[in-house]
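This report concerns only the one structure given below.
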Amino acid sequence: MVYFTEQGCSNWVIIHYGNNQIEGENNNLSDFEIDLQEWNEVSLRVKNNILKIFLNNKELIKISPKIPINQIMGAIIRFKGSGAVDM
């Protein structure tokens, strides 16, 4: 699970993977602040037990979990207010 936020709110960002999570409250996750009024493309990729998160084709973070991640099992997409998804 990956949270994106509006500008100035990166302390609310959370990246949850497996049994672990990274929180913006304790880490610089300002790259996860986005213009929520614009269309954004998000992708998650797992290869060789490395999770990469991309926003608009820019790699935001690379995570090497201690417990292997072989595949992405699903996605949860929530919006505050209205939103749209194009898959």
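The number in my numbering is simply the position in the sequence shown, starting from 1, with 183 added. For glycine and all other residues, C-beta sits at the position ideal for the given N, C-alpha and C. These numbers come from a predicted model, not from an experiment.
**Beta-bridge pairing of residue 189 - partner residues as DSSP gives them** = BP columns for residue 189 are empty, so no partner.
**Outcome for residue 226 when other beta-carbon atoms lying within 10 angstroms are tallied against a minimum of 16** = exposed
**Message:** For residue 242 and residue 251, what's the separation of their Cα atoms in angstroms?
**Reply:** 20 Å
**Request:** Indicate the three-state DSSP secondary structure (helix, strand or coil) for residue 213 in the structure shown.
**Result:** helix
**Prompt:** What is the DSSP secondary structure of residue 194, counted as helix, strand or coil?
**Reply:** helix
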